[in-house]
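Residue numbers (my numbering): 28 to 1106.
Note that the Cβ used here is the ideal one computed from N, Cα and C, for glycine as well.
Written below as structure tokens is the structure these notes are about.
Shown next, in the form of structure tokens:
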């Protein structure tokens, strides 16, 4: 602070400070103010940061007049220490006591103006008022420098404070703190008005005005915030003055036509405007604004790189003017890279769009093009893009448009040519576009011929493809290798998914698949489709990384898909939203998460999940250490919170804690993955190995006395196989333990230890170099202060102690963080190697055991044939039956199973089935439930499903039919003569209309009563208890002819089953005179 004049008393100075309590008083001078020509009076000039105050020499002090530095139009220093200041309100002339005081006041005003705006804000002259300005020191270290290079965010806070003082408004310190702290820390050059949307409109106006001379911020952003007229005026003012603002985003800001007209005028006034990106989307600008804007864009020397005019109520007339501007200004052909005209219905439906098509057909630099919802003719557009920007276009959005205005069955040639010639496309959106079948085929053919693209996202959702589109996808999608993400949602595929899903699985370049809203089928078909989907993701070579079945209303049958997620290893993201699977679905999902180790993201909402379902998920995440993200289920959480607020809040906090834990590097529980893989690998083939070993051991025991040398060689080989089979049980854990032991002190950890030591040395060396360089620069800039500091406390040695990095930190960062991530990946690879080796060896052992079993069984058969004469069972039979007679029934079943399921593919299928959790009992009426219920009654598995088809199953044959009886009592239709009610349902198409007979007569000519037998029908018990169902004959898997008898009212009844699976009940009277075979 400058020393006050000696005439000013301490009391007056303190009174002035108290009067200006809102701002610090920087200088006080006793001056002579010229109140009238050549009449001077005593005053006190007090200087604050942004204002000059004049006081009378009275106590208490009172401000006579004041003016802000921004009000100064000219500042002249005259002779005899006189200052002449020209302000907006008039002239102020005063004399200061000394030349030093004049210099202090001049420097203060110049410094304040330089902080507000770079460059001279007013004309400061030295000498006479008519003499030109003298030289000034404008170096960075000068007190009068106008450079803002070293100011925080270009000196925004100072400019904002000066403007607040100029307008008489209170300065918001929170605005200054946010800009100086948050924006500066993030090096953010985008000024976002949404950060200050809680303030009043006049505060926002001052912030925008502060950007007029700010050289730090290059972008002004505002979206979904209606701006008042005073803010929009300051936006126009800033654009007219700014030489650094490069991008303006006013999206849904409530702009009108008049603002765009004024904006066009501002572009014409500011010759130093560097704006190259303009976004005015979602504002009703209409054609008047676009006509004015198009005229000014003609004068842009460098054009625009980005122009967004989505949903701006522009008509084809306005588009025509814009297209003509693009064509007339050659700068746009090389500068325009981003164009968005979406959500303007009818914009490209008329001939006025030819101007835009003409520009697009010329060589241009477009990379991003969005014309969705503009009634664009796709085939015409693609033809233009083929010649204009086909080589560098990466984003193309043509959703909600029409393919062609011409009716014809031929595919537009532009489809195939464009998609086969594109070089850099990464996103194509054709959703809600009713693609003709031929256009779809042309698109797929073009992509199949394209060898330049990869990982393309193709959106064909809501295109009404239906069965014809599904057929085209099945035929041609397999040859398309450039599509990495495919959206087929809401296309009405329904039952066509039965054949489409396997076809999608054949495309190994497909990584992300969206199939939602395509499951409007009956329950049985839905289950078949879901099983096909499960089979797709369980394939060993499945390439899918994410799968979406959102909004498919699968309800409880969602669990069919969820059950396959437990041991799935390919999917990293799954979307189950909008399926209404309720709490039981959440429970099934929790079971899958407990053993899954590949999922990273789960999206699920709108599933009617209560707090109980979220509790199951929270418990599952306690043992899951790999899931990283779970979308916030807004709908379900809100519903659950209304019914159980405390429990819902606690459960969701627990879920979030688990997700946060999983996002940090940590040791993954490999023991769980080991036990899971061990169960899947060994348990699947262990039962088969045990049965085969048992059979082979019995055959070896039976043939051990055979003297033939080939038989003895085979017996020796069989014994070795049995030994390998027994050892194979310990193969999986032994290999895993070996890898675990070797990894504890393996080369990876040793290398990490040495790297940690080398990094520690390198860090110390780097810090030493940095310290020496910093100290050297400090001595150069501040030599005096540096010598004093070194003399006082030996600063260099103290700093050297502060810049050391602990070796424990470096070692922990490498070994515990990066090293742990590497170790986790190594454990996964190690487990996959162990799994592969074990599976391969077990498969080989199974094959060799099976061949040995067949060979030894053949020897036994030959031996029995040679040793027994016909009709006389003898010693050979005893030899072969000593080991087999105890378990004959089991052997027959095993032979049949081994004969059909021993191949490797069947073994792998059994393993894959074991990975999938069985369907739970909550799906009512499922075949699995019926099978289990019939199994409890003694009926063999497969009988219920066998009723529905006439073809034999894969595990059976027609040989069992030879064991059925060929004679006996003929089956009769017992209720054939019972009258039936007249048919009320009209006959379907293709069926002849059958009129009921006028009446049914008995053999004696009497008419049959309609209610005959009605009482007995409802009172007679057809079957007794469930325990009286027929039992299965152990001699044949297909024969159910065993009869069971019961006595009712003194008469015998027999329940029998014929070979076709038909039930029949006969009474004792009916069996008189007829002989039925007794088994």
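Would you list the one or two residues that DSSP bridges to residue i?
| i | result |
| --- | --- |
| residue 512 | 484 and 539 |
| residue 335 | 306 and 367 |
| residue 600 | 573 and 628 |
| residue 114 | 99 and 117 |
| residue 92 | 81 |
| residue 218 | 247 |
| residue 429 | 404 |
List the endpoints of the continuous alpha helix (DSSP H) containing residue i.
| i | result |
| --- | --- |
| residue 682 | 672-689 |
| residue 222 | Per DSSP, residue 222 belongs to no alpha helix (DSSP H) and is neither H nor E. |
| residue 526 | 524-532 |
| residue 804 | 774-808 |
| residue 744 | 736-755 |
| residue 234 | 228-236 |
| residue 179 | It is not in any alpha helix (DSSP H) - residue 179 carries neither H nor E in the DSSP assignment. |
Out of the options, which one is the CA nearest neighbour of residue i?
| i | options | result |
| --- | --- | --- |
| residue 46 | 35, 80, 63 and 65 | 80 |
| residue 303 | 610, 266, 289 and 512 | 266 |
| residue 130 | 283, 477, 56 and 539 | 56 |
| residue 714 | 652, 870 and 793 | 870 |
| residue 38 | 889, 60, 88 and 64 | 88 |
| residue 53 | 40, 61 and 757 | 40 |
| residue 326 | 502, 297 and 231 | 297 |
| residue 775 | 803, 846, 809 and 792 | 846 |
| residue 443 | 407, 273 and 494 | 407 |
| residue 381 | 254, 638 and 348 | 348 |
| residue 274 | 218, 658, 851 and 260 | 218 |
| residue 412 | 391, 428, 426 and 431 | 391 |
| residue 288 | 128, 312 and 198 | 312 |
| residue 198 | 331, 229, 216 and 179 | 229 |
| residue 630 | 642, 600 and 569 | 600 |
| residue 787 | 261, 136, 800 and 836 | 836 |
| residue 365 | 180, 738 and 335 | 335 |
| residue 525 | 536, 456 and 553 | 553 |
Which value, in whole angstroms, describes the spacing of the CA atoms of residue i and residue j?
| i | j | result |
| --- | --- | --- |
| residue 202 | residue 316 | 33 Å |
| residue 378 | residue 578 | 40 Å |
| residue 1049 | residue 1005 | The predicted model places residue 1049 with a pLDDT of 48, which falls under 50 and marks its position as unreliable; any figure quoted below should be read in that light. Rounded to whole angstroms, residue 1049 to residue 1005 spans 16 Å at the Cα level. |
| residue 911 | residue 496 | Note that residue 911 scores 43 on pLDDT, short of 50, meaning its location in the model is unreliable; the coordinates nonetheless yield the value given after this. About 59 Å. |
| residue 865 | residue 755 | 8 Å |
| residue 849 | residue 648 | 23 Å |
| residue 240 | residue 271 | 8 Å |
| residue 224 | residue 299 | 30 Å |
| residue 43 | residue 659 | 59 Å |
| residue 399 | residue 833 | 57 Å |
| residue 922 | residue 548 | Confidence at residue 922 is low in this model, with a pLDDT of 48, below 50, so the placement of that residue should be treated as unreliable; the coordinate-derived value is given next. Looking at the two C-alpha atoms, the distance is approximately 41 Å. |
| residue 798 | residue 369 | 56 Å |
| residue 958 | residue 595 | Caution is warranted here: a pLDDT of 49 is assigned to residue 958, below 50, making its placement in the model unreliable, and no coordinate value can be reported. |
| residue 322 | residue 359 | 14 Å |
| residue 1083 | residue 652 | Note that residue 1083 scores a pLDDT of 43, beneath 50, so its modelled location is shaky and nothing firm can be said. |
| residue 550 | residue 521 | 12 Å |
| residue 513 | residue 614 | 30 Å |
| residue 36 | residue 121 | 20 Å |
Over what stretch of residues does the beta strand (DSSP E) that includes residue i continue unbroken?
| i | result |
| --- | --- |
| residue 628 | 628-630 |
| residue 191 | Per DSSP, residue 191 belongs to no beta strand (DSSP E); it is in the alpha helix (DSSP H), 183-194. |
| residue 456 | 454-456 |
| residue 450 | Residue 450 -> no beta strand (DSSP E), and no H or E assigned at all. |
| residue 274 | 274-278 |
| residue 422 | 422-424 |
Closest Cβ-Cβ distance between residue i and chain D: below 8 Å?
| i | result |
| --- | --- |
| residue 792 | In the displayed structure, chain D is absent; only one protein chain is listed. |
Scan the stretch 49-85 and note each continuous beta strand (DSSP E) run of 3 residues or more that stays entirely inside, going in chain order.
54-63, 66-74 and 78-82
Complete alpha helix (DSSP H) runs within the stretch 333-418 (minimum length 4 residues, chain order)
343-355, 358-362, 381-388 and 405-415
In chain order, which alpha helix (DSSP H) runs of at least 4 residues are fully inside the stretch 817-894?
822-829, 834-839 and 846-894
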